[in-house]
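Notes follow once the structure below has been shown.
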Amino acid sequence: KLVEINIINLRDFTKDRYRTVDDYAYGGGAGMVLMIEPVFRAIEKLKGEREYDEIIYTSPDGKRFTQRLANQLSLKKNLIILAGHYKGIDQRIRDNLITMEISVGDYVLSGGELPAAVIVDAVVRLIPGAISDEQSALSDSFQDDLLAPPVYTRPADFMGWKVPDVLLSGNAAEIEKWRHEESVRRTRELRPDLSGD
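Under this note's numbering, the first residue of the sequence shown is numbered 1, with each subsequent residue one higher.
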């Protein structure tokens, strides 16, 4: 298998008849907190089956997920991703079990499943053999902290909207130069935070 993805239901690791995975926070306050016991049992079961390089928790206050981080994670063998939920998770999980916290952006979602799916998709597509055109993954936006250049396809002229002449020239060196210049230009215009200017 190229990739194996297993979804674990934390309710399967509870001991009470209600299969409780959350409870009120000590000290009061709004929202429920994911309990340590089912998370601990689930992670211990998984660790008993194989070694894991990272145990990741999706959280709005985690490290920002970037293409660079996706590249790093694609080199790992096994990952556990714990999807955040409720008001958060018992801090002892973060302190003792989690090796990396990841945020997909500066906003809050109703659960960590979407961030987990984003992480999985971004990482898996970088694994050799996962997509048919591996060069495509290596030339995507953000691979060199640059946005990808514009792309065009047929027809070369549509209602007077023309493909840049350089792309029709057949001159590989000039095309590559144009693409790099366009990547730099687009990054400065659209994502100046990436360009270091």
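Note that beta-carbon positions come from the ideal geometry of N, C-alpha and C, so glycine has one too.
Exposed unless 16 or more other CB atoms sit within 10 angstroms - verdict on residue i
i	result
Thr99	exposed
His85	buried
Ile131	exposed
Asp112	It is Gly, not Asp, that sits at residue 112 in the sequence shown. By the neighbour-count rule (16 or more Cβ atoms within 10 Å), Gly112 is buried.
Val108	exposed
Gly62	buried
Ala70	buried
Ala42	buried
Ile5	exposed
Leu199	The displayed coordinates of the chain run from 1 to 197. Any statement about residue 199 would go beyond what the structure contains.
Those residues which DSSP pairs with residue i across a bridge
i	result
Arg64	Ser103
Asp157	Lys162
Ile89	Leu34
Leu82	Tyr57
Proximal residues to residue i (C-beta, below 8 Å), its chain only, five neighbours per side dropped
i	result
Thr187	Asp145, Leu146, Leu147, Leu194 and Ser195
Val163	Tyr152, Ala156 and Asp157
Asp23	Met32, Val33 and Met35
Glu134	Pro128
Leu114	Val104
Cα-Cα separation between residue i and residue j, rounded to whole angstroms
i	j	result
Ile127	Ser74	6 Å
Leu168	Tyr57	47 Å
Ala122	Gln67	8 Å
Lys47	Ile102	20 Å
Glu182	Leu2	35 Å
Asn78	Leu10	19 Å
Val166	Glu189	22 Å
Glu49	Ser136	34 Å
Val118	Lys76	17 Å
Neighbourhood of residue i by C-beta, 7 Å cutoff - its chain only, sequence neighbours within 5 removed
i	result
Thr14	Thr20, Val21 and Pro38
Spatial neighbours of residue i in its chain, beta-carbon cut-off 6 Å, leaving aside the 5 residues before and after
i	result
Val184	none
Worksheet item: Where are the alpha helix (DSSP H) runs, 4 residues long or more, that stay fully inside the stretch 160 to 191, in chain order?
Response: 165 to 168 and 172 to 190
Discussion item. Suppose only complete runs of 3+ residues qualify. What are the beta strand (DSSP E) ranges in the stretch 8 to 71, listed by chain order?
Written reply: 22 to 24, 32 to 34 and 54 to 64
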